[in-house]
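See below for the structure under consideration.
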Ligand code: ADP
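Numbering (UniProt numbering), first residue to last: 2 to 295.
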């Protein structure tokens, strides 16, 4: 199974002609309430890819928390590891988007920040991101015998303590730049490979760098594999990285090797850019296979 230790948020999204300046009030017509949080998004992606998926996280005891747990369960995700914390608020992202697609986001961590270290995971795949406390992830990564994947989003320097306990690190270009700044200023594939290798803490580890419309690259100590992105005309790329991670975890749980799983995860992520929002646009396995065979 795929075991996801991560954040559960509700996204409150408002579309505006123009974002407010400090001190300014602007009026909007409506808000949309969508399921979110990197952990929850990745869980939906893994489940739709066909994996038995278990979510481990925390929500508040109000309507938002109940709604998120229902949404996850509706995707056949095992929510028995989601704790409801009395007196806490469910994690909430307040998102404003202007007519050009530029955004401002405020994330209130709420219950996510109170998550306690779960028990070790000794089968299948363990997948986490950095919207929950590093202190809660450290023991589970250090003690689990599952395949351990860490998506270092958002990039936090204190998360480096986790790296030696990870089998596969997944990060995007921006996050790679935070951990290993580019000294040349060039951004070619060779440069990504050299910098990704600097993150390898053990010989048997791999680092995957996602490159948006340029695909993804898996880097090991002595070899690498690049896969091109599937060409699409994106509606919005929100959740593409989450989709990639969730799909990758599902494929590895089936026993596929990382290099073989890359093109399928990349096709899933391309499909995710064709729908609005994150969790709602995670594709099914059938849709991914269709795209790959078509
Ligand atoms: P993030 O969402 O974290 O910024 P990326 O932008 O690197 O991550 O996207 C993750 C993956 O999603 C990429 O590796 C690629 O497979 C897919 N993807 C993202 N943007 C596009 C795009 N414009 N066209 C096709 N695939 C895309």
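Backbone N, C-alpha and C fix where the C-beta goes; we use that ideal spot for every residue, glycine too. In this text the structure is predicted, and so the values were computed from the model without any measurement.
Between the C-alpha atoms of residue i and residue j, what's the straight-line distance to the nearest angstrom?
i	j	result
residue 199	residue 180	9 Å
residue 100	residue 18	5 Å
residue 223	residue 176	22 Å
residue 238	residue 274	5 Å
residue 47	residue 94	22 Å
residue 220	residue 24	46 Å
residue 26	residue 34	21 Å
residue 260	residue 226	7 Å
residue 167	residue 60	26 Å
residue 145	residue 21	46 Å
residue 67	residue 286	27 Å
residue 142	residue 288	32 Å
residue 9	residue 192	34 Å
residue 252	residue 264	11 Å
residue 291	residue 125	26 Å
residue 54	residue 78	5 Å
residue 262	residue 148	14 Å
residue 153	residue 295	33 Å
residue 103	residue 197	29 Å
residue 185	residue 111	40 Å
residue 40	residue 121	17 Å
residue 32	residue 105	14 Å
residue 190	residue 233	21 Å
residue 214	residue 72	30 Å
residue 1	residue 195	Shown here, the chain extends from 2 to 295; a query on residue 1 therefore has no answer.
residue 109	residue 98	18 Å
Can you check DSSP and say which residues form a bridge with residue i?
i	result
residue 12	35 and 94
residue 225	220
residue 3	54 and 126
residue 188	Partner(s): none; residue 188 has no beta bridge.
residue 84	59
residue 107	95
residue 79	55
Anyone know if the C-beta pair for residue i and residue j falls short of 8 Å?
i	j	result
residue 50	residue 80	no
residue 113	residue 240	no
residue 133	residue 157	no
residue 85	residue 62	yes
residue 247	residue 45	yes
residue 1	residue 119	Beyond the ends of the chain as shown, which are 2 and 295, falls residue 1; an answer cannot be given.
residue 230	residue 267	yes
residue 162	residue 131	no
residue 209	residue 217	yes
residue 74	residue 254	no
residue 2	residue 15	no
residue 150	residue 270	no
residue 236	residue 277	yes
residue 172	residue 164	no
residue 115	residue 89	yes
residue 96	residue 13	yes
residue 58	residue 280	no
residue 293	residue 284	no
residue 139	residue 4	no
Just to confirm the assignment, what range does the beta strand (DSSP E) spanning residue i have?
i	result
residue 207	207–211
residue 149	148–152
residue 1	What is shown of the chain runs 2 to 295, which leaves residue 1 out entirely.
residue 172	169–173
Exposed or buried, residue i, counting other C-beta atoms within 10 Å across all chains shown (16 or more means buried)?
i	result
residue 107	exposed
residue 123	exposed
residue 129	buried
residue 187	exposed
residue 182	exposed
residue 244	buried
residue 258	exposed
residue 87	exposed
residue 7	buried
residue 137	buried
residue 76	buried
residue 117	exposed
residue 242	buried
I need the boundaries of the alpha helix (DSSP H) containing residue i, first residue and last residue.
i	result
residue 135	135–144
residue 289	286–294
residue 163	First-last for residue 163: undefined, no H or E at that position.
residue 24	Counting along the chain, residue 24 falls outside any alpha helix (DSSP H), and DSSP gives it neither H nor E.
residue 265	259–273
residue 74	64–75
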